[in-house]
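Asker: Have a look at the structure that comes next, please.
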Amino acid sequence: MESTVLTASKFGAYFGKNHVLKNINLDIYKNKITAIMGPSGCGKTTFIRCINRLHELTPGATVEGNIFLHDEDIYKLYPIILRKKAGMVFQRPNPFPSMSIYENVIAGYTLNGIKLHKKEKDEIVQDSLEGAALWNEVKDTLHKKGTFLSGGQQQRLCIARAIAMKPEILLLDEATSALDPISTASIEELLLELKKNYTIIIVTHNMQQAARVSDKTAFFYLGELIEYDETKKIFTNPKDPKTQNYITGRFG
Amino acid sequence: MAHIDDELEGLKREILGMWTLVQLQLTKGLESLTKLDKDLAREVILSEKRVNSYELKLDRDCENIFALFSPVAVDLRYVLAVLKINTNLERIGDIAEGIARFVVDTDNSFDNNLLDITELLLMYEECISMIEILKKAFETEDSKLARSIFKQDEILDEINLKANEIVASYIRNNVEKTEQGLYAISIIRKLERAGDQCKNIAEEIIFYVEAKVLKHKKD
């Protein structure tokens with residue numbers, strides 16, 4: 051029996067009067083990779099930015115309905131606490147340029163004023179970099195700036211930074227779009243490992259990536275959730291004609 | 484190991500499982516024929532359900548791999564080959580079942596003389612050998628080994644060609660054994676078709692390994 055981690059219930063979002071997400075009802079399951087796919091402007095990035103309440107940082111942005119993390123309404127949680135539980139990795143790798151690799155990984159604690167002993171920090175850094183399959187490549191250069199790494203390594207550093215906070219959910223917004231095919235493949239392999247310990251939501255416009263990596267796929271179109279099912283079913287026998295047209299390349 | 488490699492390994496395990504089952508059907512079928520062991524023949528018939536289940540699962544697995552991984556190059560050829568070998572093995576399973584049904588239906592042991600003159604047992608053994616060789620060829624990606632069964636298939640074709648005249652003569656001289664003669668002809672036809680299925684499997688292995696299409700080419 052699959053266990054639900056996150057539930058969106060009649061959820062909607064606006065930028066001013068622009069209704070960008072409409073009546074989204076969706077369950078996200080524990081230790082699964084859920085892909086959210088759809089054409090540009092369908093609301094997929096907006097949706098995951100609502101999950102960790104980055105959406106509300108945009109002036110004029112509002113929401114309706116609910117998103118529950120376990121049984122807690124995320125709009126009743128302190129946003130900083132929520133963003134520890136739902137860590138995000140963005141399209142462009144963004145290690146903090148003034149920080150070393152070590153400092154980047156531990157940044158979540160530092161910036162939130164959480165004091166740790168050196169031994170605790172070292173453990174967190176090593177565990178997180180190992181978890182992001184980066185430790186062996188950088189263990190002897192932890193003092194170097196994160197921006198000296200390759201694109202793929204920087205993105206894995208960002209993943210390490212996110213998992214250092216021991217989140218429940220990892221949100222990846224087109225996290226491999228800016229990477230070369232080899233780096234993309236290494237991140238995809240990493241996600242398959244990470245899902246043993248985390249629940250992962252990926253936003254992607256790359257259908258083949260969604261097909262390769264995810265357990266469940268949600269297809270969004272014009273702000274609506276059109277279809278949500280096992281990835282195998284979506285890609286072998288989708289129920290909705292819009293989903294079929296999208297995955298067969300007939301629109302979008 | 485890339486995710487697709489896990490899937491392809493899984494596919495390999497499944498098809499080899501099916502292969503082993505079909506081999507077992509054939510070897511048990513031969514034994515049931517020579518000893519007129521109806522219980523053994525019934526085992527062959529019952530195992531056909533498992534062969535059919537394998538076929539359905541493999542079809543689904545191949546479909547999923549196409550849909551989810553969009554394989555190309557050698558991976559594409561591999562999945563295409565497995566899809567077709569799946570069908571060929573299922574048909575060989577049907578053939579083994581069909582021969583086993585003759586054993587269950589007949590009341591008399593086969594006349595050894597009839598078996599000798601038609602070379603029916605030789606044909607059956609060649610068939611079993613071909614399946615074994617092809618399984619190894621598939622496992623080890625050995626297209627040369629796969630090619631080696633073409634000569635064996637020629638043997639089956641020759642036996643089949645001579646069978647009508649031999650059995651007709653036998654029936655003329657042994658009218659009371661007409662039914663046996665007819666069964667023998669049917670079994671020979673089935674084994675000849677099994678040989679054709681083996682040839683198809685060999686062609687698929689060659690296609691997968693060498694990217695060469697031998698289908699419909701003159702020998």
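Just so you know, the protein sequences line up as chains A and B, in that order. As numbered in the numbering used here, residues 51 to 302 make up the first sequence, in order. As numbered in the numbering used here, residues 484 to 702 make up the second sequence, in order. Think of the CB as a built atom: it goes at the ideal place given N, C-alpha and C, for glycine as much as any other residue.
Report all residues from its chain with a CB closer than 6 Å to the CB of Y64 (chain A); omit the five preceding and five following residues, and keep chain order.
Answerer: In the first sequence, counting from the first residue as 1, residue 64 (chain A) sits at position 14. Correct list, in chain order: T112.
Asker: Can you confirm whether A261 (chain A), when its beta carbon is compared against all beta carbons of chain B, has any partner nearer than 7 Å?
Answerer: Residue 261 (chain A) sits at position 211 when you count from the first residue of the first sequence. Yes, its Cβ sits closer than 7 Å to a Cβ of chain B.
Asker: Once you ignore the five residues that flank Y36 (chain A) on each side, which residues in its own chain have a CB closer than 8 Å to its CB?
Answerer: Since the first residue shown for chain A is 51 and the last is 302, residue 36 (chain A) is missing from the structure and cannot be characterised.
Asker: DSSP three-state label for N81 (chain A), please.
Answerer: In the first sequence, residue 81 (chain A) corresponds to position 31, counting from 1. Three-state DSSP puts N81 (chain A) in coil, outside helix and strand.
Asker: Of all Cβ atoms in chain A, is any one closer than 7 Å to the Cβ of L551 (chain B)?
Answerer: The residue labelled residue 551 (chain B) in the question sits at position 68 within the second sequence. So, interface residue.
Asker: For chain B, find out if any of its Cβ atoms is closer than 7 Å to the Cβ of T293 (chain A); answer yes or no.
Answerer: By one-based count along the first sequence, residue 293 (chain A) stands at place 243. No, T293 (chain A) lies away from the interface with chain B (no Cβ there is under 7 Å from its Cβ).
Asker: Bridge partners of K195 (chain A), per DSSP?
Answerer: Translated into positions along the first sequence, residue 195 (chain A) becomes position 145. Bridge partners of K195 (chain A): A:S150.
Asker: State the DSSP-derived secondary structure class of V113 (chain A), mapped to helix, strand or coil.
Answerer: Position 63 of the first sequence, counted from the start, is the residue given in the question as residue 113 (chain A). Three-state result, V113 (chain A): strand.
Asker: Could you check whether L229 (chain A) and G201 (chain A) sit closer than 7 Å to each other, using their CB atoms as the reference points?
Answerer: To locate residue 201 (chain A), count along the first sequence from 1; it is residue 151. To locate residue 229 (chain A), count along the first sequence from 1; it is residue 179. Yes, Cβ-Cβ distance for G201 (chain A) and L229 (chain A) is below 7 Å.
Asker: Would you kindly check if the distance between the Cβ of I654 (chain B) and the Cβ of L603 (chain B) is under 7 Å?
Answerer: Position 120 of the second sequence, counted from the start, is the residue given in the question as residue 603 (chain B). Position 171 of the second sequence, counted from the start, is the residue given in the question as residue 654 (chain B). No, these two residues do not count as a Cβ contact at 7 Å.
Asker: Which of helix, strand or coil does DSSP assign to E531 (chain B)?
Answerer: Position 48 of the second sequence, counted from the first residue, corresponds to residue 531 (chain B). E531 (chain B) falls in the helix class under three-state DSSP.
Asker: Candidates B:K682, B:L639, B:K521: which alpha carbon is nearest K700 (chain B)'s?
Answerer: For the purposes of this step, residue 700 (chain B) is taken as residue 217 along the second sequence, with counting starting at 1. Of the candidates B:K682, B:L639, B:K521, the one whose C-alpha sits nearest the C-alpha of K700 (chain B) is B:K682.
Asker: Check whether the Cβ of N547 (chain B) lies closer than 7 Å to any Cβ atom in chain A.
Answerer: On the second sequence, position 64 is the one that residue 547 (chain B) refers to. For N547 (chain B), the answer is yes, since a Cβ of chain A falls inside 7 Å of its Cβ.
Asker: Less than 7 Å separating the beta-carbons of P288 (chain A) and E280 (chain A)?
Answerer: Start at 1 with the first residue of the first sequence, and residue 288 (chain A) comes out as number 238. Start at 1 with the first residue of the first sequence, and residue 280 (chain A) comes out as number 230. No, these two residues do not count as a Cβ contact at 7 Å.
Asker: Name the residue from A:H167, A:F270, A:K292 whose alpha carbon lies nearest to the alpha carbon of V70 (chain A).
Answerer: The residue you call residue 70 (chain A) lines up with position 20 of the first sequence. Ranking the options by Cα distance to V70 (chain A), first place goes to A:F270.
Asker: Going by DSSP, what residue range makes up the alpha helix (DSSP H) through L132 (chain A)?
Answerer: Taking the first sequence and counting its residues from 1, the one referred to as residue 132 (chain A) is at position 82. Counting along the chain, the alpha helix (DSSP H) containing L132 (chain A) begins and ends at 129–135.
Asker: Take I568 (chain B) as the anchor and find which of B:E580, B:E526, B:L539 has the nearest alpha-carbon.
Answerer: Indexing the second sequence from 1 puts residue 568 (chain B) at position 85. The shortest C-alpha separation from I568 (chain B) is found at B:L539.
Asker: Taking C-beta pairs closer than 8 Å, name the residues in chain A that A485 (chain B) reaches, listed in chain order.
Answerer: Start at 1 with the first residue of the second sequence, and residue 485 (chain B) comes out as number 2. Here the neighbours are A235, E239.
Asker: If we define contact as Cβ-Cβ less than 7 Å, is K283 (chain A) a contact residue for chain B?
Answerer: The residue given as residue 283 (chain A) occupies position 233 in the first sequence. Not an interface residue.
Asker: To be precise: take each residue of the region 158–176 of chain A, compare its Cβ to all Cβ atoms of chain B, and keep it if any distance is under 9 Å. Which residues remain?
Answerer: Answer set for the region 158–176 of chain A: empty.
Asker: In whole angstroms, what separates the C-alpha of V696 (chain B) from that of A564 (chain B)?
Answerer: By one-based count along the second sequence, residue 696 (chain B) stands at place 213. By one-based count along the second sequence, residue 564 (chain B) stands at place 81. Their backbone Cα atoms lie some 11 Å apart in a straight line.
Asker: Measuring straight from C-alpha to C-alpha, what distance separates N295 (chain A) and C92 (chain A)?
Answerer: Against the first sequence, residue 295 (chain A) aligns to sequence position 245. Against the first sequence, residue 92 (chain A) aligns to sequence position 42. Approximately 15 Å between the Cα atoms of the pair.
Asker: Does the beta carbon of C286 (chain A) come closer than 7 Å to any beta carbon on chain B?
Answerer: As a working mapping, residue 286 (chain A) is identified with position 236 in the first sequence. Sequence inspection shows Thr at residue 286 (chain A); the Cys mentioned does not correspond to that position. T286 (chain A) counts as touching chain B.
Asker: Do you know offhand how far S612 (chain B)'s Cα is from E218 (chain A)'s?
Answerer: Within the second sequence, numbered from 1, the residue matching residue 612 (chain B) stands at position 129. Within the first sequence, numbered from 1, the residue matching residue 218 (chain A) stands at position 168. Roughly 56 Å separates the two Cα atoms.
Asker: Cα separation between L504 (chain B) and S631 (chain B)?
Answerer: Your numbering for residue 504 (chain B) matches position 21 in the second sequence. Your numbering for residue 631 (chain B) matches position 148 in the second sequence. Roughly 23 Å separates the two Cα atoms.
Asker: Indicate the three-state DSSP secondary structure (helix, strand or coil) for I213 (chain A) in the structure shown.
Answerer: Indexing the first sequence from 1 puts residue 213 (chain A) at position 163. I213 (chain A): helix per DSSP, three-state reduction.
Asker: May I ask you to report which of helix, strand or coil DSSP gives Y253 (chain A)?
Answerer: The residue given as residue 253 (chain A) occupies position 203 in the first sequence. According to the sequence as given, residue 253 (chain A) is Val; it is not Tyr. Here V253 (chain A) sits in strand by DSSP.
Asker: If you draw a straight line from the alpha carbon of E497 (chain B) to that of E580 (chain B), how long is it in whole angstroms?
Answerer: For the purposes of this step, residue 497 (chain B) is taken as residue 14 along the second sequence, with counting starting at 1. For the purposes of this step, residue 580 (chain B) is taken as residue 97 along the second sequence, with counting starting at 1. So the alpha carbons of these two residues sit roughly 21 Å apart.
Asker: Is the separation between the beta-carbon of L639 (chain B) and that of E609 (chain B) shorter than 7 Å?
Answerer: Stepping through the second sequence from its first residue, residue 639 (chain B) is reached at position 156. Stepping through the second sequence from its first residue, residue 609 (chain B) is reached at position 126. Yes, these two residues count as a Cβ contact at 7 Å.
Asker: Assuming V587 (chain B) contacts K521 (chain B) under a Cβ cut-off of 8 Å, what Cβ separation, rounded to an integer in Å, is found between them?
Answerer: Taking the second sequence and counting its residues from 1, the one referred to as residue 587 (chain B) is at position 104. Taking the second sequence and counting its residues from 1, the one referred to as residue 521 (chain B) is at position 38. About 5 Å separates the two Cβ atoms, so the contact holds.
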